[in-house]
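Peer 1: Going by this note's numbering, the letters in the sequence shown line up with residues 339 to 519, in that order. Idealized CB from N, CA, C, for every residue including glycine. What you are looking at is a predicted structure, and each value in this text was computed from that prediction instead of being measured.
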Amino acid sequence: MAINLKLPETKELRPRITVLGVGGAGGNAVNNMIEAGLDGVDFVVANTDAQALAQSKADRRIQLGAGTTEGLGAGAQPEVGRAGAEESMAEIMEHLAGAHMVFIAAGMGGGTGTGAAPVIARAVREAGILTVGVVTKPFALEGDRRMRVAEKGIAELQQFVHTLIIIPNQNLFRVASDRTT
339 MAINLKLPET
349 KELRPRITVL
359 GVGGAGGNAV
369 NNMIEAGLDG
379 VDFVVANTDA
389 QALAQSKADR
399 RIQLGAGTTE
409 GLGAGAQPEV
419 GRAGAEESMA
429 EIMEHLAGAH
439 MVFIAAGMGG
449 GTGTGAAPVI
459 ARAVREAGIL
469 TVGVVTKPFA
479 LEGDRRMRVA
489 EKGIAELQQF
499 VHTLIIIPNQ
509 NLFRVASDRT
519 T
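In structure tokens, the structure reads:
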């Protein structure tokens, strides 16, 4: 009796990791990763702003809340970003099907990232996918209101991710030179 063993292809053995950029800052993060040549990761961007979405270097793009925002963005209103994500959840989950781990990249303090990231994270985690949030906090010069909105969004997101990495934009001044623009 012969035993036929088939070795799985290398690709089958690797975990499938997806980076989902949400909102303007998340989309910028994905663009930077693509430009840097990051390999072995699937990239998806999701935004309420159709013009920003059109500028993405990612092949996979999701227009959040086309009916809610008509492609005009969330106007720094997290509730609009939240509604956009809820409207587009089926499409979001289609793009994340088969992923073992999802990194959700977003900027906190505005509308789309702050409002949509927690909604998306909840659905991803409920689907049994390891969920990591990577978010930025606003610069101090952006004002107290934006910082309060960011803190509220971070607190909400924290409930739905396995791990949360917070990058204060203010810390970028430590590594920037006087020629940085």
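Apart from the five residues just before and just after residue 447, which ones in its own chain have a Cβ nearer than 6 Å to its Cβ?
Peer 2: Translated into the one-based positions of the sequence shown, residue 447 becomes position 109. Once the five neighbours on either side are set aside, the close Cβ partners of residue 447 are 476, 484, 487 and 488.
Peer 1: Alpha carbon to alpha carbon, what distance is there between residue 472 and residue 520?
Peer 2: Lying before the first or after the last residue shown, residue 520 is absent from the chain, which here runs from 339 to 519.
Peer 1: Is it buried or exposed for residue 376, if we count other Cβ within 10 angstroms and need 16 for buried?
Peer 2: Taking the first residue of the sequence shown as 1, we reach residue 376 at position 38. Residue 376 is exposed by the Cβ-count criterion.
Peer 1: Counting only runs that start and end within the segment 414–495, where is the beta strand (DSSP E) found for 3 or more residues in a row?
Peer 2: Here the runs fully enclosed are 439–445 and 468–475.
Peer 1: Leaving out the 5 sequence neighbours to the left and right, which residues in its chain are closer than 6 Å to residue 505 when beta-carbon positions are compared?
Peer 2: Looking up residue 505 in the sequence shown gives position 167. The residues are 474.
Peer 1: Is the CB-CB distance between residue 495 and residue 502 below 8 Å?
Peer 2: Counting from one through the sequence shown, the residue named residue 495 turns up at place 157. Counting from one through the sequence shown, the residue named residue 502 turns up at place 164. Contact flag set, yes.
Peer 1: Measure how close the beta-carbons of residue 461 and residue 427 come, nearest whole angstrom, since I'm counting them as under 8 Å.
Peer 2: Here residue 461 is taken as the residue at index 123 of the sequence shown, counted from 1. Here residue 427 is taken as the residue at index 89 of the sequence shown, counted from 1. 6 Å between Cβ atoms; contact.
Peer 1: Are the beta-carbon atoms belonging to residue 442 and residue 406 less than 8 Å from one another?
Peer 2: Mapped onto the sequence shown, residue 442 falls at position 104. Mapped onto the sequence shown, residue 406 falls at position 68. Against a cut-off of 8 Å, the Cβ pair of residue 406 and residue 442 comes out as no contact.
Peer 1: For my contact list, residue 423 and residue 409 are in at a C-beta cut-off of 8 Å; report their separation, rounded to the angstrom.
Peer 2: Numbered from its first residue, the sequence shown carries residue 423 at position 85. Numbered from its first residue, the sequence shown carries residue 409 at position 71. The pair is not a contact, with the Cβ atoms about 15 Å apart (cut-off 8 Å).
Peer 1: Report the option in 433, 396, 352 and 457 whose CA atom is closest to the CA atom of residue 416.
Peer 2: Reading the sequence shown from its first residue, position 78 is the one you call residue 416. Minimum Cα distance to residue 416 is reached at 457.
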